[in-house]
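Asks: In the numbering used here, the protein residues as written are 15 to 504.
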RNA sequence: CGGGGUGUAGCGUAGCCCGGUAUCGCGCCACAUUUGGGAUGUGGAGGUCGUAGGUUCGAAUCCUGCCACCCCGACCA
């Protein structure tokens, strides 16, 4: 059994890998750096998809799908973009295999592609190439499209959920007539992400803007939500980019304005990925396994019967059926674990490992007393409550659990944002406490680079809610107008 | 891609230095007894040691290549 993060913070990754495997969420596949997401893990991703997708639709977006393969030449069109991705792409060069005569399957050299295809690391290029044909007039704008897809980035170093070679995500790509509108879209979507992270995942996040050196390749401005994991490292959980007219210019996407002028379109892109599952796991899990917030949990309530005879079982079944009906009517998802192949204690431990928020145990004794045993995953506490009114009690309790999980993570996060005014303090906090460090910085990439080399910490963001204040850069002593957050990150 | 480490049954491991076809635990199967926190007993099945070569009478063990994973670095959602 894994020991948990508090006792093994230095060995966090191993613990994390143990946990996700033991909680049956995912495993490494036979393909380098890729993962198999197992059914229970995928169910969690599906919940994320469903909730996010609903928000995208509510904010006026539609889903579409673009090709997996992107002609290599598309990458030559936006210089800074290719610079950011060229190093880590999978490239398709041939389209046929053949038998070499001895039973070995080899690549048929005669089937070489004239132009290589890139497996998308992100879809800006192929989408903007397509948008050129969709946009002629201001009447065609805005285009508000999202894509659910997989992408591939040939990372040198991979990590389950956090940085796999292939990952699942959604990428929104919008086109607008004005800069203002595009910026508003960028901000709207980072807020959608932040609300999702906090309200659904119960992971508190800091909304902010990336510094120039941390920006997305090809973006003019990158908004981010930054979460804090229990080991004191920060995790970028979602980004929303204002792309200006860079892609419109690169792919020649123009429209005729109301005034009859030809203008380049303004763009945004935004995305979250299966990395969110990593954030979820690392933000809430404890030594007993996963802790899922009720709003996200594929199974919110598990019911475990405890019985010796068939009569007792039938008795419990009848009660569970009525409880089931009551809870389903209130959109509570329930699992009645009446397997007779496992004992109750085993089931308790297993569902705890999987993070099910609430467990109801009912035995013959309960049936006599008109009670059940309720166990909360988040606090690990148990109480015996009356069967009467159980449905509404559970609904209320699920809300309470959701709040509690968030509050716990928020307290941890807030107690790990440390304001410092000297480089000595800065290093001390990073080394001994972890978390975010708020300090003045002269705004130059050179200083960021130096700090990273010396401390491994990078700027995570300039929080949107930070006020301007006069100060001096703690590294160079140059004047600064605003604080920024540094942290070690994944 | 550079440095370090690992790869033995579904999982976790011993054996490797000092070559002689593999240890233990969990899990799995059968039966019995059990069932309010990961049951117990008895019996049983399952591996040829990541992979391809080499050395040797003989390789899990020694040597080389390759692959994968983990850690550190560079890179990144």
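We put the CB at the ideal spot given by N, CA and C, even for glycine. All of these numbers come straight from a predicted model, not from anything done at the bench.
Return yes when the Cβ of residue 304 is within less than 8 Å of the Cβ of residue 368, no when it is not.
Replies: Yes; because the gap between Cβ atoms is below 8 Å, this pair is in contact.
Asks: Is it buried or exposed, residue 76, if we count other Cβ atoms within 10 angstroms and call 16 or more buried?
Replies: Per the 10 Å Cβ criterion, exposed.
Asks: Just curious, the alpha helix (DSSP H) that residue 415 is in, first and last residue?
Replies: Looking at the DSSP string, the run of the alpha helix (DSSP H) that includes residue 415 is 404-428.
Asks: In the DSSP assignment, the beta strand (DSSP E) including residue 452 goes from what residue to what residue?
Replies: Segment 450-454, the beta strand (DSSP E) holding residue 452.
Asks: Which of the three DSSP states, helix, strand or coil, is assigned to residue 223?
Replies: Three-state result, residue 223: strand.
Asks: By Cβ distance below 7 Å, which residues in the same chain neighbour residue 109 in space, the five residues on each side in sequence not counted?
Replies: For residue 109, where only same-chain residues beyond five positions count, the Cβ hits under 7 Å are 125 and 127.
Asks: One question on the structure: do residue 157 and residue 189 come within less than 8 Å of each other, judged by their Cβ atoms?
Replies: A contact, by the Cβ cut-off of 8 Å.
Asks: Pull up the distance between the alpha-carbon of residue 260 and that of residue 276, whole angstroms please.
Replies: Between residue 260 and residue 276, the C-alpha separation is close to 16 Å.
Asks: Just to check my reading of the structure: residue 216 and residue 423 have Cβ atoms closer than 8 Å, yes? What is that Cβ distance to the nearest angstrom?
Replies: Indeed, because the Cβ distance is near 6 Å, the residues count as touching under 8 Å.
Asks: What's the C-alpha gap between residue 213 and residue 284?
Replies: Looking at the two C-alpha atoms, the distance is approximately 19 Å.
Asks: Alpha carbon to alpha carbon, what distance is there between residue 318 and residue 341?
Replies: About 16 Å.
Asks: Do residue 505 and residue 48 have their CB atoms nearer than 8 Å?
Replies: The structure shown does not extend to residue 505, since the chain is modelled only from 15 through 504, so no value can be given for it.
Asks: For residue 409 and residue 312, what's the separation of their Cα atoms in angstroms?
Replies: About 15 Å.
Asks: For residue 51, is the classification buried or exposed, using 16 other Cβ atoms within 10 angstroms of its Cβ as the cut-off for buried?
Replies: When all chains shown are included, residue 51 counts as buried.
Asks: Could you tell me the alpha carbon to alpha carbon distance between residue 402 and residue 331, rounded to whole angstroms?
Replies: Their backbone Cα atoms lie some 16 Å apart in a straight line.
Asks: Per DSSP, what kind of secondary structure is residue 278 in: helix, strand or coil?
Replies: Residue 278 falls in the strand class under three-state DSSP.
Asks: With distances taken from CA atoms, which of 92, 286, 96 and 370 is nearest residue 239?
Replies: Nearest of 92, 286, 96 and 370 to residue 239, Cα basis: 286.
Asks: Please state the DSSP three-state secondary structure of residue 492.
Replies: Note: residue 492 maps to coil in three-state DSSP.
Asks: Under 8 Å between the Cβ atoms of residue 282 and residue 242?
Replies: No, these two residues do not count as a Cβ contact at 8 Å.
Asks: Closer than 8 Å is the cut-off here; do at least three beta carbon pairs connect the region 370-383 with the region 411-426?
Replies: Touching, yes, given that three or more Cβ pairs across the two stretches are closer than 8 Å.
Asks: Nearest CA to the CA of residue 316: which residue from 351, 309 and 292?
Replies: For residue 316, the nearest C-alpha among the options comes from 351.
Asks: Using C-beta distances below 8 Å, list every residue in its chain close to residue 151, excluding the 5 sequence neighbours before and after it, in chain order.
Replies: 269 and 270.
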